[in-house]
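Those protein sequences? They're chains E and D, same order as listed. When we follow the numbering used here, the leftmost residue of the first sequence carries the number 11, and every step to the right adds one. When we follow the numbering used here, the leftmost residue of the second sequence carries the number 268, and every step to the right adds one. Note that CB positions come from ideal geometry on N, CA and C, so glycine has one too. Just so you know, these numbers come straight off a predicted model, no measurement behind them. See below for the structure under consideration.
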Amino acid sequence: DAKTTQPPSMDCAEGRAANLPCNHSTISGNEYVYWYRQIHSQGPQYIIHGLKNNETNEMASLIITEDRKSSTLILPHATLRDTAVYYCIVRARDDKIIFGKGTRLHILP
Amino acid sequence: GAVVSQHPSWVICKSGTSVKIECRSLDFQATTMFWYRQFPKQSLMLMATSNEGSKATYEQGVEKDKFLINHASLTLSTLTVTSAHPEDSSFYICSARKNWGFEAFFGQGTRLTVV
Chain E
11 DAKTTQPPSM DCAEGRAANL PCNHSTISGN EYVYWYRQIH SQGPQYIIHG LKNNETNEMA
71 SLIITEDRKS STLILPHATL RDTAVYYCIV RARDDKIIFG KGTRLHILP
Chain D
268 GAVVSQHPSW VICKSGTSVK IECRSLDFQA TTMFWYRQFP KQSLMLMATS NEGSKATYEQ
328 GVEKDKFLIN HASLTLSTLT VTSAHPEDSS FYICSARKNW GFEAFFGQGT RLTVV
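Dropping the structure here:
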């Protein structure tokens with residue numbers, strides 16, 4: 011079973027920051043937080059991952075709370091191409107990837 | 268970024284026939300590959316973990332004799348759906364993890380339709 015809880019859907023206006031929350035209250039000390047997204051009829055795309063520090067790359071930022079029980083993925087300037095299902099996954103480095111239901115993000119023009 | 272390629276992208280086959288789907292890591296070696304199945308409006312469901320040179324590990328409820336997995340090299344894993352039936356119609360996706368990396372990279376998926 012997935013170890014995370016995400017809202018089923020969210021809307022965000024184009025050009026605004028999209029903030030996607032994820033709860034993972036049972037995360038273990040050796041487990042990382044990963045984010046993937048899946049655009050319709052394509053394979054999932056890796057976005058970012060982190061252990062306990064906040065992380066940023068060219069796609070997004072990942073904010074992890076100090077107790078590591080929740081995190082937020084931030085897309086700083088959402089575009090229509092960011093419309094997708096976003097999956098938050100916690101796993102240890104060599105574990106298999108188990109997908110939950112994710113958040114369906116709609117970017118509104 | 269690393270590239271994982273699946274072939275074919277889509278396939279239509281007759282009920283009772285077998286279909287082979289290939290998954291290749293194009294620019295890296297992958298000791299471990301994963302196979303998923305996704306039905307419309309549902310999440311990805313892990314079917315099996317494929318390890319190079321050894322037998323695949325199947326998730327509970329997945330028939331190993333129906334979904335044959337071969338991982339003969341560090342860059343190729345294949346999934347064969349044997350004696351396909353209409354209920355096997357689905358989107359099949361593979362994933363490969365770099366031997367020394369964190370991320371897993373996914374193929375573009377194969378849409379199987381059994382008629």
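Can you grab the Cα-Cα spacing for the pair residue 58 of chain E / residue 51 of chain E, in whole Å?
-> 21 Å
Do you know whose CA, among D/307, D/343, D/278, D/284, lies nearest residue 365 of chain D's CA?
-> D/343
Residue 69 of chain E: first and last residue of the uninterrupted beta strand (DSSP E) it sits in = Unbroken run through residue 69 of chain E: none, as it is neither H nor E.
So residue 73 of chain E packs on residue 62 of chain E, CB below 8 Å; how close in whole Å?
-> That pair is no contact at about 11 Å.
Members of the stretch 42 to 56 of chain E that neighbour chain D once the beta carbon cut-off is set at 9 Å | 42, 44, 46, 48, 51, 52, 53, 54, 55, 56
In angstroms with no decimal places, state the Cα-to-Cα distance between residue 333 of chain D and residue 348 of chain D.
-> 6 Å
Please confirm whether residue 55 of chain E and residue 95 of chain E have their CB atoms less than 8 Å apart.
-> no
Exposure of residue 277 of chain D, with buried meaning 16 or more beta-carbon neighbours within 10 Å = Residue 277 of chain D is exposed by the Cβ-count criterion.
Just confirm the distance between the C-beta atoms of residue 14 of chain E and residue 99 of chain E, as a whole number of angstroms; I'd bet it's less than 8 Å.
-> 7 Å
Where the beta strand (DSSP E) through residue 381 of chain D begins and ends = 377 to 381
Whole-angstrom distance between residue 81 of chain E and residue 34 of chain E, CA atom to CA atom = For residue 34 of chain E and residue 81 of chain E, the gap between their C-alpha atoms comes out near 8 Å.
Alpha carbon of residue 281 of chain D to alpha carbon of residue 380 of chain D, nearest angstrom | Answer to the nearest angstrom: the Cα atoms are 9 Å apart.
Is the Cβ-Cβ distance between residue 301 of chain D and residue 106 of chain E less than 8 Å?
-> yes
Closer than 8 Å at the beta carbon, the chain D residues around residue 107 of chain E = 301, 313, 362, 371
Starting from the C-beta of residue 114 of chain E, find all residues in its chain whose C-beta is less than 6 Å away, skip the five residues before and the five after it, and write them out in chain order.
-> Apart from sequence neighbours up to five positions away, the residues of its chain that approach residue 114 of chain E with a beta-carbon distance below 6 Å are 19, 95, ordered along the chain.
Would you kindly work out how many angstroms separate the C-alpha atoms of residue 86 of chain E and residue 271 of chain D, rounded to a whole number?
-> 28 Å
State the Cα-Cα distance for the pair residue 76 of chain E and residue 53 of chain E, rounded to the nearest angstrom.
-> The straight-line gap from Cα to Cα measures roughly 32 Å.
Simplified DSSP state of residue 101 of chain E, which is helix, strand or coil | Per DSSP, reduced to three states, the secondary structure at residue 101 of chain E is strand.
Out of curiosity, what's the CA-to-CA distance linking residue 298 of chain D and residue 119 of chain E?
-> 43 Å
Residue 275 of chain D - DSSP class collapsed to helix/strand/coil = coil
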